[in-house]
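What follows is one structure encoded as C-alpha cells, with my remarks underneath.
Numbering (the numbering used here), first residue to last: 80 to 395.
Below you can see the structure in the form of C-alpha cells.
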C-alpha cells in the first residue's frame, strides 16, 4: 500500500493532542517549528482547563478544540480535519525528540512507507516509563506480531507519521489511550507498510504528569485488541477458541470412552454431555470464524476497489 513518491514537495502537518500540558506545549511547538519551518502546527485541545491553548497559540500553533474527552476522539478529529499530505502526530508532553522527525519522514517522502513509528524501547531512561509499561508493551507487540506476521517493537508510541491516504483509511473507534493499538492493527489489516525508526524517549519535566493509568488503561488496551481481533482476524480468534473447545471435548471424553470399552456402557454421563457440548461449540466457533473471515475478505476487496476509483477520480 506504500504510496509512490510525489513529484512535488509534500505538505506536512504536525498534530499535537493535548490535555493539561501547559508546562511543555510551548517548547514542543517551538521545537517542531524549528525542525519543520514550513509545516502547519496544530494543537488539539481536549478540554484543557489550564493554559495549554493560550501557550500553544502564543508559540505559533493553530489550536483546535475537541470537546469529546479521550485521545481516540482527538486522533479521529486530526485525521478528519487535517488536509496536508503527511501528518506527524506527537504528544505534547515534551518526551519526544523533535529532531527525530526528519528520520520519521524520510521513508514516507521516499514512498517506502505509509506509516512510520518512533520506537522508544531502545533509548530511554529509568524514569521514562512506569512500572509494567515496558513489559505490557512487549506483550501486546508479541501478540500482534504473531497474528499479523509483523515486526513491531513499540505499539504504544505516540510519535508517528502518516500519509494522508493512510490516515483516511483508518476508521478510528477507540476513545482513549488504546488508539495507538488500533492505529497499528487497522493499518496492518489494510496492508499498509509500517516502518519503525529508533528515537530517544525522555522524562517528563518537573510539574508535568502522565494521564495514563497503568491497570485501567492496560485492561482497555487488551479489550481493544480482543475486539479488533474479532473484527479483523475472526478466523484466528474463533479458530483458537474452537481448538480450546475441541481440546476440552477430548478431555471430557476420556472417562466415558474408558467406561464404554471396559463396561460397554457409559456411567459418567455428565462428562459425556460436556464432551458433546464442547464438540458442538468447537464446530460452531470454527464455522463462525470461517463465515466472518470470508465476509471480511469480500469487504476488504470492495474497499480496495473503491480506493482505486477515488484515486483515479482525483487524478482526473
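Think of the CB as a built atom: it goes at the ideal place given N, C-alpha and C, for glycine as much as any other residue.
| Asked | Found |
| --- | --- |
| Taking only the alpha-carbon atoms, compute the straight-line gap between residue 225 and residue 251 and give it to the nearest angstrom. | 23 Å |
| Check residue 346 in the structure and name its three-state DSSP category. | coil |
| Can you say whether residue 92 is buried or exposed, counting buried as having 16 or more other CB atoms within 10 angstroms of its CB? | buried |
| Could you tell me the boundaries of the beta strand (DSSP E) in which residue 96 lies? | 91-97 |
| Please report the straight-line C-alpha distance between residue 354 and residue 311, rounded to a whole angstrom. | 30 Å |
| Secondary structure at residue 87, three-state DSSP: helix, strand or coil? | In this prediction, residue 87 has a pLDDT of 46, which is less than 50 and means its spatial position is unreliable; what the coordinates show is noted afterwards. Residue 87 falls in the coil class under three-state DSSP. |
| Tell me whether residue 149 is buried or exposed, calling it buried when 16 or more other Cβ atoms sit within 10 Å of its Cβ. | buried |
| Taking the continuous alpha helix (DSSP H) assigned at residue 135, which residues delimit it? | 131-137 |
| Give me the residue from 258, 182, 212, 322 with the minimum Cα distance to residue 158. | 258 |
| My output table needs one value for residue 233: the three-state DSSP class, helix, strand or coil. | coil |
| Could you please give me the residues that DSSP links to residue 277 through a beta bridge? | 198 |
| Should residue 328 and residue 361 be called a contact, given that it needs their Cβ atoms to be closer than 8 Å? | yes |
| Near residue 381, what residues of its chain come up, given a Cβ to Cβ distance below 7 Å and the 5 sequence neighbours on each side ignored? | none |
| Roughly how many whole angstroms lie between the Cα atoms of residue 342 and residue 357? | 24 Å |
| Beta-carbon separation of residue 121 and residue 161 under 8 Å? | yes |
| Touch check for the segment 175-194 and the segment 98-112: three-plus C-beta pairs under 8 Å? | yes |
| Identify the continuous beta strand (DSSP E) that holds residue 246 and give its terminal residues. | Element bounds for residue 246: not the beta strand (DSSP E) but the alpha helix (DSSP H), 243-247. |
| For residue 141, report the span of its beta strand (DSSP E) as first-last. | 141-144 |
| Got a sec, what are the start and stop residues for the beta strand (DSSP E) residue 123 sits in? | 119-124 |
| Determine the direct distance from the alpha carbon of residue 346 to that of residue 334, and round the result to whole angstroms. | 9 Å |
| What's the gap between the Cα of residue 320 and the Cα of residue 364? | 7 Å |
| Residue 255: which of 296, 117, 388 sits nearest, CA to CA? | 296 |
| Just to check my reading of the structure: residue 283 and residue 236 have Cβ atoms closer than 8 Å, yes? What is that Cβ distance to the nearest angstrom? | In fact, because the Cβ distance is near 16 Å, the residues do not count as touching under 8 Å. |
| For the alpha helix (DSSP H) containing residue 226, list its first residue and its last residue. | 212-227 |
| Would you say residue 96 and residue 171 are within 8 Å of each other, going by their C-beta atoms? | yes |
| On a Cα-Cα basis, can you pick out the residue from 197, 152, 373, 233 that is closest to residue 212? | 233 |
| What three-state label does DSSP hand residue 189 in the structure shown? | coil |
| Counting along the chain, where does the beta strand (DSSP E) carrying residue 166 start and finish? | 165-168 |
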